[in-house]
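Here is the structure we will look at, set down as structure tokens.
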Amino acid sequence: MGLKADIMIQEYIKEAGGADIRCFVIGDKVIAAMKRQAQPGEFRSNLHRGGTASLIRLTPTERKTAVAAAKIMGLRVAGVDLLRSERGPLVMEVNSSPGLEGIETATGKDVAGMIIEYIEKNANPQGTRTRGKAKPNTPFEIGDLEILPGNHASLELEVARLYTQSPLSVTAEIFHGKQAGPVLLVNAAIHGDELNGVEVVRQIIGRIRLSQLRGTLIAIPVVNVFGFIHKSRYLPDRRDLNRSFPGSERGSIAGRMAYRYFKDVVERCTHVVDLHTGAINRTNLPQIRANLTNPDAAAMAEAFGAPVLIDAALRDGSLRAELKRPGFR
24 MGLKADIMIQ EYIKEAGGAD IRCFVIGDKV IAAMKRQAQP GEFRSNLHRG GTASLIRLTP
84 TERKTAVAAA KIMGLRVAGV DLLRSERGPL VMEVNSSPGL EGIETATGKD VAGMIIEYIE
144 KNANPQGTRT RGKAKPNTPF EIGDLEILPG NHASLELEVA RLYTQSPLSV TAEIFHGKQA
204 GPVLLVNAAI HGDELNGVEV VRQIIGRIRL SQLRGTLIAI PVVNVFGFIH KSRYLPDRRD
264 LNRSFPGSER GSIAGRMAYR YFKDVVERCT HVVDLHTGAI NRTNLPQIRA NLTNPDAAAM
324 AEAFGAPVLI DAALRDGSLR AELKRPGFR
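Counting in our numbering, the sequence shown runs without a single skipped number right up to 352 at its last residue.
Structure below.
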């Protein structure tokens with residue numbers, strides 16, 4: 024035919040009637056399911072193509088098939104799409120990064136919250152438990168704030184100034200639990216055009232239960248506010264913030280921002296999750312990059328249930344490269 028392209032042919036299941044079933048699998052359970060129905064004359068039932076969603080009751084065989092499909096693909100969180108056929112349930116697709124809005128709307132379930140709870144319960148694969156009575160927390164100091172245990176505070180932290188003397192600030196949401204524990208930083212948009220992580224952090228902020236928190240969470244949806252506003256990976260000096268660490272107190276804008284951010288925020292933490300996204304003209308498979316020779320970092324990476332874990336080399340000037348210092352995870 025002269026197309027010079029690979030063509031994948033998929034069997035047409037007529038009896039499915041333009042409908043499929045999205046099963047959301049977490050661990051070894053289907054925690055939510057919906058039926059997606061295509062518009063008349065259309066066999067693709069995707070919601071963004073005009074399909075409709077409704078509740079559906081799964082058969083035991085369908086539940087077993089969905090869980091088995093996710094397990095075969097090595098996924099602990101997955102969207103498994105099934106077709107009802109004359110031969111029984113058929114697996115159409117296993118999605119390692121399924122959307123949440125459609126299934127949460129159709130089922131009324133807090134699927135994102137269930138994912139977070141699963142990660143919390145399985146964060147330590149060795150299954151160790153803290154022995155003895157939980158230690159009460161002490162006040163947490165950051166910037167000009169002192170946060171008492173069991174409290175939440177917002178911090179506007181100036182990290183640099185533009186050539187016009189306009190401030191470049193970072194907004195942090197800090198949740199300080201009543202019980203002592205690690206200090207976790209979750210940040211996104213170090214590259215201003217990488218947007219998915221911003222929503223991830225926003226949803227984490229909305230789901231924190233201070234009464235159940237042990238330790239401290241610092242959540243920063245947007246680190247590179249200038250790049251975020253201007254839809255750019257870079258800062259106004261055209262430097263990449265994530266190639267500017269540890270920075271300098273008297274360097275470029277990127278260097279000064281990296282220096283202040285590391286000194287004022289990162290050094291207050293024991294654990295760091297730095298969220299990135301495939302930005303413009305980039306497509307990334309969901310992945311975790313970490314120093315997998317560090318058992319604590321490896322345990323954190325495995326807890327996410329991502330399809331790919333990469334024992335990635337460190338890039339000079341990156342935040343992750345600076346975290347190789349003792350005391351960080």
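For every residue, glycine included, the Cβ atom is placed at its ideal position computed from N, Cα and C.
Using only the alpha-carbon positions, how far apart do residue i and residue j sit?
i: Tyr186; j: Ile197; result: 30 Å
i: Arg72; j: Gly64; result: 12 Å
i: Thr75; j: Arg67; result: 11 Å
i: Thr306; j: Val53; result: 28 Å
i: Ile142; j: Glu127; result: 19 Å
i: Arg262; j: Arg312; result: 23 Å
i: Gly173; j: Gly200; result: 5 Å
i: Ser119; j: Val331; result: 10 Å
i: Asp260; j: Ala195; result: 24 Å
i: Glu169; j: Arg232; result: 20 Å
i: Ala93; j: Arg80; result: 19 Å
i: Lys158; j: Leu315; result: 30 Å
i: Lys144; j: Gly50; result: 11 Å
i: Asp133; j: Gly270; result: 41 Å
i: Leu298; j: Glu85; result: 34 Å
i: Phe327; j: Val296; result: 11 Å
i: Leu90; j: Gly122; result: Here residue 90 is Val; the residue named in the question, Leu, does not match the sequence. Distance between the alpha carbons of Val90 and Gly122: 18 Å.
Helix, strand or coil for residue i, going by three-state DSSP, please let me know.
i: Ile49; result: strand
i: Lys58; result: strand
i: Val288; result: coil
i: Asp334; result: strand
i: Thr194; result: strand
i: Met115; result: strand
i: Gly102; result: strand
i: Glu127; result: helix
i: Thr88; result: helix
i: Arg237; result: strand
i: Arg184; result: strand
i: Glu217; result: coil
i: Gly150; result: Since pLDDT at Gly150 reaches only 48, below the 50 mark, its modelled position is unreliable, and no value is offered.
i: Ile228; result: helix
i: Ile32; result: coil
i: Val209; result: strand
i: Ala157; result: coil
i: Ile276; result: helix
Spatial neighbours of residue i within its chain, please: CB distance less than 8 Å, with the 5 preceding and 5 following residues excluded, ordered by chain position.
i: Asn341; result: In the sequence as displayed, the identity of residue 341 is Ser instead of Asn. For Ser341, where only same-chain residues beyond five positions count, the Cβ hits under 8 Å are Asn265, Arg266 and Phe268.
i: Val182; result: Leu191, Ser192, Val193, Arg279, Met280, Arg283, Tyr284 and Asp287
i: Ser77; result: Met57, Lys58, Gln60 and Ala129
i: Ser177; result: Thr194, Ala195, Glu196 and Ile197
I'd like the list of long-range same chain contacts for residue i, defined as Cβ closer than 7 Å, with 5 residues on each side in sequence excluded.
i: Asn247; result: Ala212, Ile213, His214, Gly215, Leu258 and Leu264
i: Arg45; result: Ala56, Met57, Arg59, Gly102, Asp104 and Ile126
i: Glu38; result: Ser108 and Glu109
i: Leu113; result: Ile36, Leu105 and Leu106
i: Pro148; result: Note on Pro148: pLDDT 48, under 50, position unreliable in the model; the coordinate value appears next. Hits under 7 Å: Ala322 and Glu325.
Hey, out of the options, whose CA is closest to residue i's CA?
i: Glu116; options: Ala135, Phe285 and Ile95; result: Ile95
i: Gln226; options: Lys144, Pro162, Gly238 and Met137; result: Met137
i: Leu98; options: Gln310, Val295 and Pro205; result: Gln310
i: Arg237; options: Leu207, Lys87 and Ala344; result: Leu207
i: Asp334; options: Asn317, Leu346 and Ile228; result: Asn317
i: Gly220; options: Ala302, Ser77 and Thr82; result: Ala302
Among the residues of its own chain, which have a CB less than 6 Å from the CB of residue i, if the five just before and after it don't count?
i: Gly150; result: Its pLDDT being 48, under 50, Gly150 is placed unreliably by the model, and the measurement read from it follows with that caveat. Result list for Gly150: empty, nothing under 6 Å.
i: Ile241; result: Ala195, Ile197 and Leu208
i: Leu171; result: Pro162
I'd like to know if residue i contacts chain C, where contact means its C-beta is closer than 9 Å to some C-beta of that chain.
i: Gln202; result: The displayed structure is made up of one protein chain only, and chain C is not part of it.
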